[in-house]
Amino acid sequence: MSAQAVVMQDVVKYYGDFAALTDVNLSVESGERIVICGPSGSGKSTLIRTINQLEEIHSGTIVVDGIELTAGGKNVAKVREDVGMVFQNFNLFPHMTVLENCILSPMKTKKVSRAEAEETARHYLERVKIPEQADKYPAQLSGGQQQRVAIARALCMKPRIMLFDEPTSALDPEMVKEVLDTMIDLAGEGMTMMCVTHEMEFAKAVADRIVFMDAGKIVEINEPTGFFTNPQNERLQNFLGQIT
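Take 5 as the starting number for the sequence shown in this note's numbering and just add one per residue.
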């Protein structure tokens, strides 16, 4: 794996005339845990979705694990194999069991056998502490359990990098902790992680660095202590004042 997991240089993204990202520059080291935060509409989710080309950029370059993502379709496919993504709304297939949701991509994309895919899936369902749910359907699970399935499903592709796009924002408050605990366990194992979240206690516990965005720009990056105790940017000071 490259020493730098993700390198974004001068990244620009528009929706029509609206600049969602403007001159974004960010480097993420392998094994580093990055939390991205900021007010609604600041570009957080857009940024994280460009890293596997769920959102195409208009200019700039993105290199993921040494592969230039913005250089063509084959590179996009390769990068997506190595980058796991957990969404806000689970995105599980409702007509498939938990186990079937987890084995689908490894079998189709990586051409592994069903037996190997099932063994891997059961391993990761154990890791996210819901092995007993393997034969249930998503609708039979709580929101927190569904999100843990989504995490297990992403891990079944054995990614080098995990992206989380506000993974707890669709959950009831009592379910948030079980998902964050799962993510904290994952972070403790050295996985490269980039997480968009409003959960600042999670950021304090897990992040190596915290990125604050406003109006499509990265306006401050710092390690957690400095980020929370000595914010330099006025918008960040106001943001922290509103959430504490």
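For each residue, glycine too, the CB sits at the ideal point set by N, CA and C.
If you ignore the 5 residues before and after Arg213, its C-beta comes within less than 6 Å of the C-beta of Ile38, Ile225 and Glu227, all in its own chain and listed in chain order.
Leaving aside the five residues that flank Lys140 on each side, the residues in its chain whose CB is nearer than 8 Å to its CB run, in chain order, Thr101 and Val102. Residue range Arg37 to Cys41 is occupied by the beta strand (DSSP E) that includes Arg37. In this structure, DSSP gives Ile55 a state outside helix and strand, which the three-state scheme calls coil.
In chain order, Ile71 place their CB closer than 8 Å to the CB of Lys82, counting only its own chain and leaving out the 5 sequence neighbours on each side. Residue environment analysis places Phe206 among the buried positions, since at least 16 neighbouring C-beta atoms fall within 10 angstroms of its C-beta.
If you draw a straight line from the Cα of Ala9 to the Cα of Val80, it is about 15 Å long. DSSP links Phe216 through a beta bridge to Cys41 and Glu224. The stretch 135 to 152 and the stretch 188 to 200 do not touch, with fewer than 3 CB-CB distances between them shorter than 8 Å. Residue Gln92 holds the alpha-carbon nearest to the alpha-carbon of Phe168 among His62, Gln92 and Ser63. A straight-line Cα-Cα distance of about 37 Å links Leu145 and Ile66. Counting only residues of its own chain and dropping the five nearest sequence neighbours on each side, Val116 has a CB closer than 7 Å to the CB of Pro110.
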